[in-house]
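Position one of the sequence shown corresponds to residue 4 (the working numbering), numbered consecutively onward.
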Amino acid sequence: MKNSQPAHIHDQEQIVETAISIKGMTCASCVRRVENALVKTGGVESAVVNFATHHATVRHDIALEKTQLLDAVEGAGYTAKLVENDPHSGHSASEHAEHLRVESEGELAKMRANLWISGLLTAPLVLVSMFWHPRAEWANWGLLLLGTPAIFWCGRQFYTVAAKALRHGNTTMDTLVAMGTGAAWIYSTYSLIAHRGHSHMQSEHIYYETGAVIVLLVLLGRYLEARAKSRMSDSIRKLMDLAPKEASVVNPDGSEQKMPLTQVLQDMIIRVRPGERVPVDGIVTEGESFVDESMVTGEPVPVSKKRGDSVTGGTVNDQGSFLFRATHVGSETMLAQIASMVQRAQGSRAPLQGLADKVSSVFVPTVIGIAVLTVLVYAVSGRGVEPGILAAVAVLVIACPCALGLATPTALMVGTGRGAELGILVKDGEALERAGSIKTVLLDKTGTITQGKPHLTDIVISGTWGDQEALAVAAALESQSEHPIARAVVKKAKDLALAIPQLENFEAIRGKGVKGTLSGEMAVIGKLSWVAELATIPEDVRQTFEELESMGKTVFVLQTGVNYAVLAVSDVVGDYSAEAIQLLKQIGVEPVMVTGDNLRAAAAVANQVGVERVEAQVLPQDKAEFVRKYQVAGRVGMVGDGINDAPALAQADLGIAMGQGTDVAMETAGVTLLRSDLRGVAQSIRLARATLSTIKWNLFWAFVYNVVMIPLAALGLLSPMLAAGAMAFSSVSVILNSLRLRSFDGRTA
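Right, dumping it as structure tokens:
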């Protein structure tokens, strides 16, 4: 993607993003014009305009007045208004989607009415022109009376937009239609006046029906295009429809009241009854129930919820009634965040759009030049001015920059929207394009291939202490760590109701272990090689360590004073991990396991799921280096879910974060899988490939259409009316081709 950038580089902390709704754009050249106007505004870092949504996303200095952005757009000849996004006003994505729906329905109603009027005026024009020849002079004047409103009233939008563009020194798609239909009317009127008293001559040179039919067909094409476009934002509406319109808020006095969702505030207490949807995100404060969270997790089995458990807006309460405290409301709920992410992705641009943008920027002036040249060639060659004018009208009308402008954004909108329905969130068009060319995927073991819920299987002591004392010391050391293995040790100690001693001077050595002071004596737990640097490891401890490691378990050594213990932890492979690995292989992507575990433990898991290449004993800080290693052979994807994975996710050509991972991982990733189902990795790559294939076919069709049809029109092989029909079909076909992505399921390779 090539966006003009101002010379001044702004402090990223002072950069904000503003969304603008734009009216008056009719072709891809309009997009370029608006972007240039915005980027030239002082304080703007970048601007991306989406022709399919008629929205601009502008990154600019926080000090810049937003009205300056509106002035820039209006200065380029278009109408603009801000799309507000107040996190406290309600579900902004939902409100925006609803606003677009209402606006779209209103526009469609107006277009439909204008289309009917155009049809009623055009029908008699065509019938008279086709079946009454030669005509009486009064009939020819009657055609003028019908043709004038059919061309100028029904097609007024073409003339007003073209005139506005001309005032700003620009040309658009409407310029071509206005010139074509205007030329037909002017020539016909000239012939009508010049041949007064000669009705036969008048009839031979009148083309009011041509101009009227062109207007009718272009209006029909735009109406069908608008209807198809309205279906492209269905994914956001479907997402936001999952949230109820109101919530049952419990007042401090115990009474309840129904409250619109937009008025629900953080910390309010809300009651959810059986069969109702949870309105916002929160924490259960009273009662127990089972909640269907399949929209988030993909799992059909309802999840038990009790006091202290979190609930997500949009999920369905299966049975039982409970109260919960709202923690995230409005645009801060998970559902609204997902919708906003989809909205941002749909408003982004794929790098493939660059060529189309360059062509579109010179398209209209080039077509006008070809039309003028056509008239001159016809006149000079002796074929006559009149056939030249008709051929020029056909050239003007058949040219379709709209198809070029719609080729990429329509496919991107439908593809990312379908992805959201499948639990795949794509960050932007660039991430989607990179996903389509991934050759290798690096998979973190813990929490990605495995369930990330390890449990303590063995504790073998050496020294003067007992099992429980050793476990209590290990829990004291691990209690301040967030690593899944550390949590397994602490959980075991708590399950046995052990008294965990107070640890002092805690220190975590990344990729090696942790240490601290207990009762004035140093205690350490971690990898054998690291503990051996701090103390002399007894031979029996080494032997135990190697025996447990040979079983494929993750093994650690605990040491304090003369006492040692060997702890072994095992994790369970994810339900769909083996199937996910096979799906990756079937689509030509090589899976590679990257883990900090020893080679034996890693190999045991790899064998279970079918991974043939393993990178073991990799320190967290070195994962990014392994990504670089594989990037030599092609584009690499990295799948992870933790803070430790963030650098590798950023280094990879495509970072894929699992939905139950950390916020840091999700912010770094280009794709987020809402469901902890590893099959989503192959599914996301297939979706990207399907979307890219659609974009390429759209662009191919748009280019070939214009390259073939414009010369045919110039040669006089296409009548203006046929040209108008072909032009209308061109844009609609691109949109319909993009809408095929709605049927993508990604279940098979």
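We put the CB at the ideal spot given by N, CA and C, even for glycine.
Report the CB separation of residue i from residue j in whole angstroms; it is logged as a contact under 8 Å.
{"i": "LEU744", "j": "GLY439", "result": "Between GLY439 and LEU744 the Cβ distance is about 13 Å, and since that is not below 8 Å, they are no contact."}
{"i": "LEU570", "j": "LEU501", "result": "The pair is not a contact, with the Cβ atoms about 14 Å apart (cut-off 8 Å)."}
{"i": "ILE528", "j": "GLU472", "result": "Not quite, the Cβ-Cβ distance comes to about 14 Å (not below 8 Å), so this is no contact."}
{"i": "LEU219", "j": "GLY145", "result": "Not confirmed; about 18 Å, so no contact."}
{"i": "ALA477", "j": "LEU415", "result": "About 51 Å; that fails the 8 Å criterion."}
{"i": "PRO650", "j": "LYS626", "result": "7 Å"}
{"i": "LEU149", "j": "PRO127", "result": "6 Å"}
{"i": "ARG328", "j": "ASP244", "result": "So it is not a contact: roughly 25 Å between Cβ atoms."}
{"i": "GLY316", "j": "VAL362", "result": "With a Cβ gap of about 44 Å, GLY316 and VAL362 do not count as contacting."}
Given a threshold of 16 other Cβ atoms within 10 Å of its Cβ, counted over all protein chains shown, does residue i qualify as buried or as exposed?
{"i": "SER307", "result": "exposed"}
{"i": "ARG682", "result": "buried"}
{"i": "ASP574", "result": "buried"}
{"i": "SER741", "result": "buried"}
{"i": "LEU652", "result": "buried"}
{"i": "ARG225", "result": "buried"}
{"i": "ASN117", "result": "buried"}
{"i": "ASP656", "result": "buried"}
{"i": "GLN589", "result": "exposed"}
{"i": "VAL572", "result": "buried"}
{"i": "ARG199", "result": "exposed"}
{"i": "SER687", "result": "buried"}
{"i": "ALA56", "result": "Note that residue 56 corresponds to Thr in the displayed sequence, not to Ala. Its Cβ being crowded by 16 or more others within 10 Å, THR56 is buried."}
{"i": "GLN346", "result": "buried"}
{"i": "MET133", "result": "exposed"}
{"i": "LEU67", "result": "buried"}
{"i": "LEU499", "result": "exposed"}
Give the DSSP-derived three-state secondary structure of residue i in the structure shown.
{"i": "GLN454", "result": "coil"}
{"i": "ASP89", "result": "Interpretation of ASP89 is limited by its pLDDT of 46, a score under 50 that renders its predicted location unreliable; no figure is taken from the coordinates."}
{"i": "PRO247", "result": "coil"}
{"i": "PRO594", "result": "strand"}
{"i": "LEU446", "result": "strand"}
{"i": "ALA606", "result": "helix"}
{"i": "ARG616", "result": "strand"}
{"i": "PHE706", "result": "helix"}
{"i": "LEU146", "result": "helix"}
{"i": "ILE441", "result": "coil"}
{"i": "SER679", "result": "coil"}
{"i": "ILE464", "result": "strand"}
{"i": "GLY333", "result": "helix"}
{"i": "TYR567", "result": "strand"}
{"i": "ILE18", "result": "strand"}
{"i": "LYS588", "result": "helix"}
{"i": "ALA96", "result": "Because the pLDDT at ALA96 is just 49, under 50, the model does not fix this residue reliably, and the value given afterwards should be weighed accordingly. In this structure, ALA96 counts as helix in the three-state DSSP scheme."}
{"i": "GLN686", "result": "helix"}
{"i": "LYS113", "result": "helix"}
Given a cut-off of 8 Å on the beta-carbon distance, is the pair residue i and residue j in contact?
{"i": "LEU72", "j": "VAL61", "result": "yes"}
{"i": "LEU445", "j": "VAL642", "result": "yes"}
{"i": "GLU32", "j": "THR175", "result": "A quick correction: the sequence has Ser, not Glu, at residue 32. Contact: yes."}
{"i": "ALA168", "j": "LEU407", "result": "no"}
{"i": "LYS519", "j": "GLU507", "result": "The sequence as given places Gly at residue 519; Lys does not occur at that position. In this structure, GLU507 lies closer than 8 Å to GLY519 by Cβ."}
{"i": "VAL396", "j": "PRO723", "result": "yes"}
{"i": "GLU296", "j": "PRO247", "result": "no"}
{"i": "ALA75", "j": "ALA40", "result": "yes"}
{"i": "VAL367", "j": "ALA727", "result": "no"}
{"i": "GLY450", "j": "ASP644", "result": "yes"}
{"i": "ASP256", "j": "VAL294", "result": "no"}
{"i": "VAL47", "j": "HIS58", "result": "no"}
{"i": "THR598", "j": "LYS430", "result": "no"}
{"i": "VAL608", "j": "THR453", "result": "yes"}
{"i": "ALA568", "j": "SER465", "result": "yes"}
{"i": "VAL252", "j": "GLN260", "result": "yes"}
{"i": "GLU552", "j": "ALA496", "result": "no"}
{"i": "VAL735", "j": "LEU227", "result": "yes"}
{"i": "GLY391", "j": "VAL378", "result": "yes"}
{"i": "VAL129", "j": "VAL216", "result": "yes"}
Minimum length 3: unbroken beta strand (DSSP E) runs contained in the segment 486–559
507–512, 516–521 and 524–529
List in chain order: all unbroken beta strand (DSSP E) runs of 3+ residues lying wholly within the segment 253–277.
259–263 and 272–275
Whole beta strand (DSSP E) elements within the segment 20–74, 3-residue minimum:
47–53 and 58–64
Completely contained alpha helix (DSSP H) runs for the segment 619–664, where each covers 4 or more residues
626–634 and 649–654
Enumerate, from N- to C-terminal direction, the unbroken alpha helix (DSSP H) stretches of 4 or more residues contained entirely within the segment 344–416.
356–384 and 388–401
Where are the beta strand (DSSP E) runs, 3 residues long or more, that stay fully inside the segment 280–316, in chain order?
284–290, 292–295 and 306–308
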